[in-house]
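When the letters of the sequence shown are read in order and numbered with the numbering used here, they come out as residues 554 to 939.
All C-beta atoms in this analysis are idealised placements derived from N, C-alpha and C, irrespective of residue type, glycine included.
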Amino acid sequence: MPTEADVEPLPTRRTHEILPIIFWALFLQLFLLIAVSFVMQFGPLFVTRFIFGLDFADFYNAAGDWLAGMDPYARGRLYTPPSSILVGLAFHWTSFAIARLLFFFINIALVYASLRALSRQFQLTRANESALLGITAVFYPFYFLVERGNLDGIMLALLVFGFRSRNSLFRAGMVGASLAVKVYTGLMVLVLLRKRSWKVAGLAVLVVLLLQVPFAALAPNFIQAVSGRSELFRMDENISPAALFKLVLFAAGGDFWKLAFLLTWAATLLVRLLHAGGGDLRETWPTFVPWMISFPIVVYPYSGVLALSLVALIAAHAQQRKILNSEAVVLIGFGLLGFQAIAWTAFGARSALALVLIHSICSLGTLLMLLGACWLPQYGNNAEAS
């Protein structure tokens, strides 16, 4: 009878874990910022300060205006669908001071619960999962999200738990609810149609329409507000690649840079749609995140938290094989998106050009994610990408 020593062990495959590398890179950035602050004797400041919960105040005040029969869009800071006022209404039972603090903790909880759920769904190793949670804690868009109190933590949760579900009705409800909060997930309705998920797409649209019913009178005001916002532009606090196009093509004059950006955004999206015929959308939906967080011409950093879902997906498939070139481009872009632009601006922006160049690093990161995501594999359920 063969002994234990005579039995050859079964071959094992080496596990590749890329998220710890990204975590330590972003953590080193924080260490350098602290070190520089010792020398410079000021900073670092990670998000420009106005008031704590500046963006949450918009939804809280909009709810108060609506309850008082006033136009919530008249203040000039509300650009989301009328149904997004529901977020403010949910907290209107208490004072703004308490509400913004509650939402601060809820935002953190939603992001971490979503990433924990993704880690289980994608079967991340313990090291990758721990690194993903650590990355969030040192991620520039996450800081922007929780300090300003915007709604992208809700958006991430709706997408994660919606697509994680096998129930098509629940998935449609969650996608529809996300679109009722912020319009950029309308892209997922287009993707559902591309995947011939007619039922889910139709039900998602129905959910959006139903959620607008209590606020139907505000539809014209919303359209007018969005139209006005399309004319607004800023180079700082903007992760849209449009800022980079503006920087590079400003000499061309006029709005040529806008056209160049729009064509690039549309062309890369078309490539992704054509390249994404297969694969289960329950898993592959994060491959469309770069297009959600890069349009319109001004995208504030808090929307970048959705990119965490994409790096989780890539890390899961790279655990048992080498990283693909397209995945490497996305990961480099993600790292640049995590560049603490505001903190470094305080130390290095001695001119308007320096300020623009520093903030453009995040825009470059989003552009690289956009370009790399074009050629990501289809990804199958728990299958290795080829």
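Just to confirm, is the Cβ distance from residue 906 to residue 898 under 7 Å?
Within the sequence shown, residue 906 is the residue found at index 353, counting from 1. Within the sequence shown, residue 898 is the residue found at index 345, counting from 1. Contact flag unset, no.
Using the C-alpha atoms, what's the distance from residue 825 back to residue 569?
On the sequence shown, position 16 is the one that residue 569 refers to. On the sequence shown, position 272 is the one that residue 825 refers to. Straight-line Cα distance between these residues: approximately 26 Å.
Measuring straight from C-alpha to C-alpha, what distance separates residue 840 and residue 809?
On the sequence shown, position 287 is the one that residue 840 refers to. On the sequence shown, position 256 is the one that residue 809 refers to. Rounded to whole angstroms, residue 840 to residue 809 spans 28 Å at the Cα level.
Smallest Cα separation from residue 795: which of 851, 676, 630?
By 1-based counting over the sequence shown, the position of residue 795 is 242. Checked all of 851, 676, 630; the closest Cα to residue 795 is 851.
Residue from 807, 601, 677, 645 whose Cα sits closest to the Cα of residue 701
What you label residue 701 is simply residue 148 of the sequence shown in a count that begins at 1. When only C-alpha atoms are compared, the closest one is 601.
Around the C-beta of residue 703, are 16 or more other C-beta atoms found within 10 angstroms, so that it is buried, or is it exposed?
Taking the sequence shown and counting its residues from 1, the one referred to as residue 703 is at position 150. By the neighbour-count rule (16 or more Cβ atoms within 10 Å), residue 703 is buried.
Taking C-beta to C-beta, are residue 777 and residue 636 nearer than 7 Å?
For the purposes of this step, residue 777 is taken as residue 224 along the sequence shown, with counting starting at 1. For the purposes of this step, residue 636 is taken as residue 83 along the sequence shown, with counting starting at 1. No.
Counting Cβ pairs, one atom from each stretch, are 3 or more of them under 8 Å apart for the segment 813 to 825 and the segment 751 to 761?
Proximity of the segment 813 to 825 to the segment 751 to 761 falls short of the contact definition, fewer than three beta-carbon pairs being nearer than 8 Å.
Quick one, which of 918, 867, 709 has its alpha-carbon nearest residue 893's?
Walking along the sequence shown from the start, residue 893 turns up at place 340. For the residues 918, 867, 709, the minimum Cα distance to residue 893 belongs to 918.
Buried or exposed by the 16-neighbour rule on C-beta atoms within 10 Å, applied to residue 593:
Indexing the sequence shown from 1 puts residue 593 at position 40. So residue 593 counts as exposed.
Nearest-angstrom Cα separation, counted from residue 590 out to residue 857:
Within the sequence shown, residue 857 is the residue found at index 304, counting from 1. Within the sequence shown, residue 590 is the residue found at index 37, counting from 1. Near 26 Å, if we compare the C-alpha coordinates of residue 590 and residue 857.
Measure the C-alpha to C-alpha separation of residue 611 and residue 688 and round it to an integer number of angstroms.
To locate residue 611, count along the sequence shown from 1; it is residue 58. To locate residue 688, count along the sequence shown from 1; it is residue 135. Each residue's CA atom was taken as its position, placing residue 611 and residue 688 some 28 Å apart.
Alpha carbon to alpha carbon, what distance is there between residue 648 and residue 793?
Here residue 793 refers to the residue found at position 240 of the sequence shown. Here residue 648 refers to the residue found at position 95 of the sequence shown. Those two C-alpha atoms are separated by around 34 Å.
Terminal residues of the alpha helix (DSSP H) in which residue 589 lies:
What you label residue 589 is simply residue 36 of the sequence shown in a count that begins at 1. From DSSP, the alpha helix (DSSP H) with residue 589 extends over 572 to 593.
Who are the near neighbours of residue 571 in its chain, counting only those whose CB is closer than 6 Å to its CB and skipping five residues on each side?
In the sequence shown, the residue the question calls residue 571 occupies position 18. Same-chain partners within the cutoff: 868, 871.
Would DSSP call residue 941 helix, strand or coil?
Absent from the model: residue 941. The displayed extent of the chain is 554 to 939, so no value can be given.
What does the Cβ neighbour count give for residue 878, buried or exposed, with the cut at 16 atoms within 10 Å?
Position 325 of the sequence shown, counted from the start, is the residue given in the question as residue 878. That one is exposed.
If I measure Cβ to Cβ from residue 847 and keep anything under 7 Å in the same chain, skipping five residues before and after, which residues do I get?
On the sequence shown, residue 847 is found 294 positions in, with the first residue counted as 1. 793, 794, 818, 919, 923, listed in sequence order.
In the DSSP assignment, find the alpha helix (DSSP H) that holds residue 941 and state where it starts and stops.
Because the chain is modelled from 554 through 939, residue 941 falls outside the range shown and cannot be assessed.
Put residue 786 into one of helix, strand or coil per three-state DSSP.
Counted from its first residue, the sequence shown places residue 786 at position 233. In this structure, residue 786 counts as coil in the three-state DSSP scheme.
Do you know offhand how far residue 786's Cα is from residue 775's?
Residue mapping note: residue 786 aligns to position 233 of the sequence shown, counting from 1. Residue mapping note: residue 775 aligns to position 222 of the sequence shown, counting from 1. Cα to Cα, the separation comes out at about 19 Å.
When 615, 882, 573 are compared against residue 510, the one with the closest alpha-carbon:
The structure shown does not extend to residue 510, since the chain spans only 554 to 939, so no value can be given for it.
Cα-Cα separation, residue 607 to residue 698
Residue 607 sits at position 54 when you count from the first residue of the sequence shown. Residue 698 sits at position 145 when you count from the first residue of the sequence shown. Their backbone Cα atoms lie some 10 Å apart in a straight line.
Go ahead and pull the three-state DSSP assignment for residue 851.
Sequence index remark: in the sequence shown, residue 851 carries index 298 (1-based). Looking at residue 851 - three-state DSSP - the assignment turns out to be coil, as it is neither helix nor strand.
Which ranges does the alpha helix (DSSP H) cover as unbroken runs of at least 4 residues, wholly within the segment 729 to 760, from first to last along the chain?
Those alpha helix (DSSP H) runs which fall completely within the segment 729 to 760 and span 4+ residues are 739 to 747.
What's the gap between the Cα of residue 667 and the Cα of residue 888?
As a first step, residue 667 must be located in the sequence shown, where it is residue number 114. As a first step, residue 888 must be located in the sequence shown, where it is residue number 335. If I take the Cα positions, the gap works out to 20 Å.
Would you decide whether residue 838 is buried or exposed? Buried here means 16 or more other CB atoms lie within 10 Å of its CB.
Counting from one through the sequence shown, the residue named residue 838 turns up at place 285. Residue 838 comes out buried.
Do residue 705 and residue 932 have their beta-carbon atoms positioned less than 7 Å apart in this structure?
Sequence index remark: in the sequence shown, residue 932 carries index 379 (1-based). Sequence index remark: in the sequence shown, residue 705 carries index 152 (1-based). For residue 932 and residue 705, no; Cβs fall outside 7 Å.
Outcome for residue 623 when other beta-carbon atoms lying within 10 angstroms are tallied against a minimum of 16
Indexing the sequence shown from 1 puts residue 623 at position 70. By the neighbour-count rule (16 or more Cβ atoms within 10 Å), residue 623 is not buried but exposed.
Evaluate residue 903 with the Cβ neighbour count: other Cβ atoms within 10 Å of its Cβ, from every protein chain shown; 16 or more gives buried, anything less gives exposed.
Within the sequence shown, the letter at position 350 stands for residue 903. That one is exposed.
Looking at the secondary structure, which residues open and close the alpha helix (DSSP H) in which residue 608 lies?
Working through the sequence shown from its first residue, we reach residue 608 at position 55. From DSSP, the alpha helix (DSSP H) with residue 608 extends over 607 to 620.
C-alpha gap between residue 639 and residue 680, whole angstroms:
As a working mapping, residue 639 is identified with position 86 in the sequence shown. As a working mapping, residue 680 is identified with position 127 in the sequence shown. The alpha-carbon atoms of residue 639 and residue 680 are separated by roughly 38 Å.
When DSSP labels each residue in this structure, what does residue 927 get in the three-state scheme?
Indexing the sequence shown from 1 puts residue 927 at position 374. In the structure shown, residue 927 sits in a helix (DSSP, three-state: H, G or I).
From residue 728 to residue 749, what does the alpha carbon distance come to, in whole angstroms?
Walking along the sequence shown from the start, residue 728 turns up at place 175. Walking along the sequence shown from the start, residue 749 turns up at place 196. Whole-angstrom Cα-Cα distance: 16 Å.
Where the alpha helix (DSSP H) through residue 898 begins and ends
By one-based count along the sequence shown, residue 898 stands at place 345. DSSP places residue 898 in the uninterrupted alpha helix (DSSP H) bounded by 894 to 901.
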